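Numbering of the sequence shown is given in the working numbering, commencing with residue 564 and proceeding in unit increments. Backbone N, C-alpha and C fix where the C-beta goes; we use that ideal spot for every residue, glycine too. Only a predicted model underlies this, so the values are computations on that prediction, with no experimental measurement involved.
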Amino acid sequence: MSINTINNRLEAAHRHCTANEAELRQSKVAGCFYCASVFLATEVTHFVENERTALCPECMIDSALGDASGFPISPTFLAETHQYWFERLSHGAL
């Protein structure tokens, strides 16, 4: 898979971490690409009020994805997504 394809996939996944309450309600498993926790989607109980964006039940960061998004909720995928959105940006690579 090319680097552009990988980056496009990670950017597409990121679009599923905002205004995602309905999608999480359709999910069985969810994960956070900030802290890399994997949990039952029913464990998500806190949302940013106006946009209904899920907060991770472990770290309370708005980086939760549900399996209904179509993306794998796996330690590998969560780590790749974390690296792309948090580590890359913190090192100034855009």
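- Message: Restricting to Cα atoms, I'd like to know which of Ser626, Val607, Val611 and Lys591 is closest to histidine 579.
- Response: Counting from one through the sequence shown, the residue named residue 579 turns up at place 16. Closest by alpha carbon: Ser626.
- Query: What does DSSP give as the partner residues of leucine 628 in its beta bridges?
  - Reply: Taking the sequence shown and counting its residues from 1, one reaches residue 628 at position 65. Leucine 628 is bridged to Gly594.
- Message: Can you confirm whether the segment 602-613 touches the segment 571-590 when touching is taken to mean that 3 or more C-beta pairs between the two stretches lie within less than 8 Å?
- Response: yes
- Message: The beta strand (DSSP E) that contains phenylalanine 649, what's its start and end?
- Response: Position 86 of the sequence shown, counted from the start, is the residue given in the question as residue 649. Here phenylalanine 649 belongs to no beta strand (DSSP E), and DSSP marks it neither H nor E.
- Message: Please list the terminal residues of the continuous alpha helix (DSSP H) segment that includes leucine 573.
- Response: Mapped onto the sequence shown, residue 573 falls at position 10. 566-577 is the span of the alpha helix (DSSP H), which, as asked, contains leucine 573.
- Message: Give me the residue from His609, Ala631 and Phe634 with the minimum Cα distance to methionine 623.
- Response: Position 60 of the sequence shown holds residue 623. Nearest of His609, Ala631 and Phe634 to methionine 623, Cα basis: His609.
- Residue range of the unbroken beta strand (DSSP E) whose run includes leucine 603: Position 40 of the sequence shown holds residue 603. Where leucine 603 is concerned, the enclosing beta strand (DSSP E) stretches over 601-603.
- Query: When the Cβ atoms of the segment 612-620 are set against those of the segment 642-652, are three or more pairs found closer than 8 Å?
  - Reply: no
- Find the nearest neighbour of tyrosine 597 within the set Cys619, Lys591, Ala582 and Asn583, judged by alpha-carbon distance. On the sequence shown, residue 597 is found 34 positions in, with the first residue counted as 1. Minimum Cα distance to tyrosine 597 is reached at Cys619.
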